[in-house]
Amino acid sequence: MKSLRQTTISASAVLFALALSGCGGSDDDATPISMTLEQFQSACAALNGTAVTGGAVSESTYTEASTGAVTATSVPQHCLLRGAMNQRTGIDGKPYALGFELSLPYQWNSRFYYQGGSGVDGTLFRALGAYTGGGNTRNALLDGYAVVTTDSGHRAETGVANGSFLFGADPQARYEYGDQQLPQVTAAAKSLIRRFYGIQPVRSYFVGCSNGGRQAMVAAQRYPDLFDGIVAAAPGFRLTQASIQGSVYQAQIAAAIAPAGADGRPDITRTLTADDQAVVRQRILDACDALDGANDGMVSRMSACKPDPLTWACEGGASSNCLSPEKASYVKKLFDGARTSAGEQVYAPWPFDPGMAAQTANPFYTIFAGEASHIYTTPPTITADLLGYGLTAAIDAEFAKLTATTATFTRSGNDFTNAESPNMDRFRARGGKLIIFNGAADLAFSIHDVQAYYRKVQARYGDDQTAAFTRAFFVPGMGHCSGGSYGTDQFNAVGALVDWVEKGAAPDVMVSTARAAAGVAWPGRTRPLCAYPQEAVYKGSGSIEDAANFSCQ
Numbered sequence: 000m001k002s003l004r005q006t007t008i009s010a011s012a013v014l015f016a017l018a019l020s021g022c023g024g025s026d027d028d029a030t031p032i033s034m035t036l037e038q039f040q041s042a043c044a045a046l047n048g049t050a051v052t053g054g055a056v057s058e059s060t061y062t063e064a065s066t067g068a069v070t071a072t073s074v075p076q077h078c079l080l081r082g083a084m085n086q087r088t089g090i091d092g093k094p095y096a097l098g099f100e101l102s103l104p105y106q107w108n109s110r111f112y113y114q115g116g117s118g119v120d121g122t123l124f125r126a127l128g129a130y131t132g133g134g135n136t137r138n139a140l141l142d143g144y145a146v147v148t149t150d151s152g153h154r155a156e157t158g159v160a161n162g163s164f165l166f167g168a169d170p171q172a173r174y175e176y177g178d179q180q181l182p183q184v185t186a187a188a189k190s191l192i193r194r195f196y197g198i199q200p201v202r203s204y205f206v207g208c209s210n211g212g213r214q215a216m217v218a219a220q221r222y223p224d225l226f227d228g229i230v231a232a233a234p235g236f237r238l239t240q241a242s243i244q245g246s247v248y249q250a251q252i253a254a255a256i257a258p259a260g261a262d263g264r265p266d267i268t269r270t271l272t273a274d275d276q277a278v279v280r281q282r283i284l285d286a287c288d289a290l291d292g293a294n295d296g297m298v299s300r301m302s303a304c305k306p307d308p309l310t311w312a313c314e315g316g317a318s319s320n321c322l323s324p325e326k327a328s329y330v331k332k333l334f335d336g337a338r339t340s341a342g343e344q345v346y347a348p349w350p351f352d353p354g355m356a357a358q359t360a361n362p363f364y365t366i367f368a369g370e371a372s373h374i375y376t377t378p379p380t381i382t383a384d385l386l387g388y389g390l391t392a393a394i395d396a397e398f399a400k401l402t403a404t405t406a407t408f409t410r411s412g413n414d415f416t417n418a419e420s421p422n423m424d425r426f427r428a429r430g431g432k433l434i435i436f437n438g439a440a441d442l443a444f445s446i447h448d449v450q451a452y453y454r455k456v457q458a459r460y461g462d463d464q465t466a467a468f469t470r471a472f473f474v475p476g477m478g479h480c481s482g483g484s485y486g487t488d489q490f491n492a493v494g495a496l497v498d499w500v501e502k503g504a505a506p507d508v509m510v511s512t513a514r515a516a517a518g519v520a521w522p523g524r525t526r527p528l529c530a531y532p533q534e535a536v537y538k539g540s541g542s543i544e545d546a547a548n549f550s551c552q
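Everything in the sequence shown is counted per numbering that gives the first Met the number 0, starting at 0 for the first residue and increasing by one.
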């Protein structure tokens, strides 16, 4: 990750800056105050106890720079702040607060970086400013950004069954997790930044993956004035529907073929054997590998890959490179996705990427079942038996609960969680830029859902006007946020976003690289990531390991 020009805030006149921070006026043309390191340390200590709306800083610590080789968790000299807002007792009798962590670097580049959450939050992750994609050896804090993270208003409970999801019993905890934390944490962070450095950030960025990608979409649609640029990676912007498909539906279709577990119930993680999964991968490649002009073990022409898994059933005594009819039927149902009894698609179908064979093991079942039962459906189903929930719940009933409200839970799960509106008028009008990306082998969120959303945005603004403020990229073989044995998951989405926001250089293509890591099929292979709807196609000559020999079409 390349650095921006870093202004050494030698940070002095701290008291003068603190006084200025209470005054009105614009910081557009201002520069950060200058301090010696000793003054920086003193100013950091002085922030302990500083009030923010609804709370205060409870801890301020000067932190020395890391030594040794630079890694994704290395840090520069910085001031580390922790605090909380909205401390209260929930309707479940448990304590809640909106916790935050803010890292203020000694060498500040005058920019703000909001690091999105993951899972169902509930943990106050270190405010390093993780970059997206795989194999990163830097972070935003190292590159001079002031970075904030949050627990989104709750902490995961320990020592109890499904403690990560129990906050769903409290309405306010649901809403802070869903969308309310964004403006509150941003306002607190920016007020502390201005108090410390004497100016507001000149640019503000939000970067998140998975639930953090969902938060990114919430920011663009509901809070368009908060950020200049946003990266929404593997965005679960229809997380409620994905959770029903990934738990209730996938458990019930798996139960028909899964062997019994130790408790006598279906073991839905063992629907297909390793050999069966290899068949799924190979049959996808047989149908679609060459569509991009190269037999390279990757499916780059994703839009044209539409095999029928029912044709993978063994016939005429065949036993190799095929599945039993029951398993072929299961695979088709899995890729087709869930529908209600009225025929409405619950979430989205899955793409035919060879890495998707692992979906048959239901790797995201537990988190989806916990989210669906405890957080997104109204009223919540508080249960210690998540497998039982998935095996017995009715899809129609659970789908209806996503839009339900009560006198206690006044906002539905879809309302406080999802971010599927194509209306980004305000974000677009103020010059905001949005980069979305998703792996084709993502076992949590389907590229088909993201592509359908992007087409809705295009229908609202037109293709050219959409491309002027948002671009989407889909990564063959890449898993959830990063990883994948058959993909190229190293690319600089944040750098592309910053160049777009600050230099006007829109990203038509990003070059991605396969990591040299265990299990990666082609270490060092590069591919162009083409802005949707274009896809990478082999030019017909040259090494298939080199992105230069592929074009976007």
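Note that the Cβ used here is the ideal one computed from N, Cα and C, for glycine as well.
Between Gly132 and Asp507, the beta carbon gap of about 18 Å keeps them out of contact (Cβ cut-off 8 Å). For the pair Val330 and Thr359, the Cα-to-Cα distance works out to about 8 Å. Bridge pairing for Val474: Gly438 [DSSP].
Straight through space, the alpha carbons of Asn548 and Ala45 are spaced by roughly 57 Å.
Ser33 has its alpha-carbon roughly 32 Å from the corresponding atom of Leu97. For the set Arg173, Tyr222 and Lys93, the Cα lying nearest the Cα of Leu181 is the one of Tyr222. Taking the CA atoms as reference points, Gly228 sits about 17 Å from Asn138.
Excluding five sequence positions before and after Arg459, the CB atoms of its chain that fall closer than 6 Å to its own CB belong to Pro421, given in chain order.
A residue is called buried once 16 or more other Cβ atoms fall within 10 Å of its Cβ, and Asn294, having fewer, is exposed. DSSP, reduced to helix, strand and coil, places Pro94 within a strand of the structure shown.
A direct Cα-to-Cα measurement between Ala219 and Gln76 gives close to 32 Å. Residue pairing from DSSP places Tyr112 in a beta bridge opposite Val146 and Tyr204. Within the DSSP secondary-structure output, Arg338 pairs in a beta bridge with Gln344.
In the three-state reduction of the DSSP assignment, His479 falls in the coil class. In the structure shown, the three-state DSSP call for Arg526 is strand.
Between the region 234 to 249 and the region 382 to 400, the count of Cβ pairs shorter than 8 Å is three or higher; the stretches touch.
A buried status is given to Ser151, since no fewer than 16 other beta-carbon atoms sit within 10 Å of its beta-carbon. Cys551 is bridged by DSSP to Ala535. Residue pairing by DSSP puts Ser511 in a beta bridge opposite Arg526. When the alpha-carbon of Ala443 is set against those of Gly316, Thr239 and Arg87, the nearest one is in Thr239. Residue burial is scored here from C-beta neighbours: Pro378 has fewer than 16 other C-beta atoms within 10 angstroms and is therefore classed as exposed. Taking a contact as a CB-CB distance under 8 Å, the pair Ala277 and Pro306 does not count as one, their CB atoms being some 16 Å apart. Spatial neighbours of Pro522 in its own chain (CB-CB distance under 8 Å, excluding positions within 5 residues in sequence) are listed in chain order as Ala513, Arg514, Ala515 and Ala516. Lys432 is not a Cβ neighbour of Phe490, given a cutoff of 8 Å. Secondary structure of Val51 (DSSP, three-state): strand. By the CB criterion at 8 Å, Leu165 and Ser73 fall outside the cutoff.
The beta carbons of Thr149 and Val184 sit closer together than 8 Å.
With contacts defined as CB atoms closer than 8 Å, Lys326 and Asp266 fail to qualify as a contacting pair. About 26 Å separates the beta carbon of Ala160 from that of Ala357, a gap too long to meet the 8 Å contact definition. Each residue's CA atom was taken as its position, placing Ala129 and Gly316 some 52 Å apart.
Straight-line measurement puts the Cα of Cys78 at about 6 Å from the Cα of Ser102. Counting only runs of 3 or more residues that sit fully inside the region 176 to 236, the beta strand (DSSP E) segments are 202 to 208 and 228 to 232, in chain order. In this model, Ala261 and Asp335 are separated by some 30 Å (Cα to Cα). Beyond the five residues adjoining it in sequence on each side, Gly207 comes within less than 6 Å, by CB distance, of Gly115, Gln214 and Ala215 in the same chain, given in chain order.
Our two residues, Ser540 and Asp291, have alpha carbons roughly 13 Å apart in a direct line. Remark: C-beta atoms of Val474 and Phe436 approach each other more closely than 8 Å.
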